[in-house]
C-alpha cells in the first residue's frame, strides 16, 4: 500500500513538472521562435526552416520600439500652461535682470579698456571711426667713422704712386680689422689707373696690436702676386700705410696662414720682421 502511494506521488510530481514546463514553454514560445529565426538554427542543422518559423513575426515590445524619432514628421507642439499636467509643469527660475545688466555693463567696460590700449589718438579727419595706430619703426642710425685707405695709382709711363682714399665705415670695437677688410674690397674709383695690388681672394684671418706692432694674418692668396716684385712691394705698402694710420701702430708684422715667413712670393720681398712706412719711401 505504501509503495502504491509513493508511485502516485511520483506521477503527480512528474505531471506537475510537465505542466509547469508547458506553461513556461508557452510563455516563452515567442522568444524561442525569435531565437530560432534570428540564429538560423534550422537552416544550419536541417538545411531549411519549417513554415511556422518562416511565417513568424516578432511581437512589438518596448525593447523593439527603440527607434530614432523622425523630427521632420513629428514637430514639437508647445502646450499652453493650463494644458500641462502636474508632471509636465516645471518650476521656472525667474531671471534677475538687474544682475544681468550689471554683468553686461562690466563686460562692456572691460572691452572698452582693451580697445583703448590698442588705439591711439589720431587727427580729426571728419570720420567718426577710430583709426588703429600703426607702429612705424625707424631704422636706427648706424654710427660710422672715417677710414683712411691706401691704394696705387699708375701713370701713363707705368710708374706707381701711392694715393689715399677716405671712406665712411661702421664704427666697431675692432677698428683695425674693419679698416683692413675695407682695404681688401679695393678702391671706390676702380679703373686702369687706380687699383689695388693685393691679390684677389685674399682674406684677413686675424688682427691684433701689441707693443706698437700690428700683427696681420692673411690667407695664402696674399703671397702670390702676378705683377712680380713691384706688385708685391706695392701690396705691402698698401697694408702697412693703412694700418699705420692708427696711433697705436708703429710697425706691421705679416703672417701667412698663421705662419711667419721670411720672404713674400718667389721674388723674395722681405717680411721676416715688422715693416714700417719707412720701408716704402
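Residue numbers (the UniProt record's numbering): 1 to 281. Cβ atoms here follow ideal geometry from the backbone N, Cα and C, with glycine treated the same way. Given the structure is predicted, the values throughout are model-derived calculations rather than measurements.
Element boundaries [beta strand (DSSP E), containing residue i]
i	result
residue 181	No beta strand (DSSP E) contains residue 181, which is instead part of the alpha helix (DSSP H) from 175–184.
residue 141	Residue 141 -> no beta strand (DSSP E), and no H or E assigned at all.
residue 165	160–170
residue 251	251–256
residue 279	From DSSP, residue 279 is part of no beta strand (DSSP E); its letter is neither H nor E.
residue 215	213–218
residue 275	First-last for residue 275: undefined, no H or E at that position.
residue 208	204–210
Candidates the options, of which the one nearest residue i by Cα
i	options	result
residue 225	138, 27, 265	265
residue 269	39, 227, 153, 29	227
residue 33	198, 181, 50	50
residue 172	30, 216, 281, 143	143
residue 218	198, 7, 174, 164	198
residue 185	149, 176, 205, 254	149
residue 166	15, 242, 195	242
residue 180	151, 9, 35, 155	151
residue 211	252, 19, 9, 155	252
residue 174	145, 196, 155, 160	145
residue 57	31, 27, 16	31
residue 176	233, 209, 21, 230	209
For residue j and residue i, the rounded distance between their alpha carbons
i	j	result
residue 170	residue 238	21 Å
residue 279	residue 261	17 Å
residue 46	residue 40	10 Å
residue 192	residue 157	13 Å
residue 178	residue 136	31 Å
residue 48	residue 55	13 Å
residue 240	residue 153	17 Å
residue 162	residue 187	12 Å
residue 311	residue 254	Only positions 1 to 281 of the chain appear in this structure, which leaves residue 311 out of reach.
residue 15	residue 27	18 Å
residue 141	residue 216	30 Å
residue 9	residue 18	14 Å
residue 246	residue 147	10 Å
residue 43	residue 7	43 Å
residue 155	residue 205	33 Å
residue 168	residue 182	10 Å
residue 201	residue 232	15 Å
residue 274	residue 139	43 Å
residue 70	residue 29	For residue 70, the predicted structure reports a pLDDT of 48, less than 50, and the residue's modelled location is therefore unreliable. A value from the coordinates is still provided. Their backbone Cα atoms lie some 33 Å apart in a straight line.
residue 272	residue 203	20 Å
Rounded distance between the beta-carbons of residue j and residue i, thought under 8 Å
i	j	result
residue 249	residue 214	4 Å
residue 256	residue 223	5 Å
residue 160	residue 230	7 Å
Enclosing alpha helix (DSSP H) for residue i [first to last residue]
i	result
residue 232	228–243
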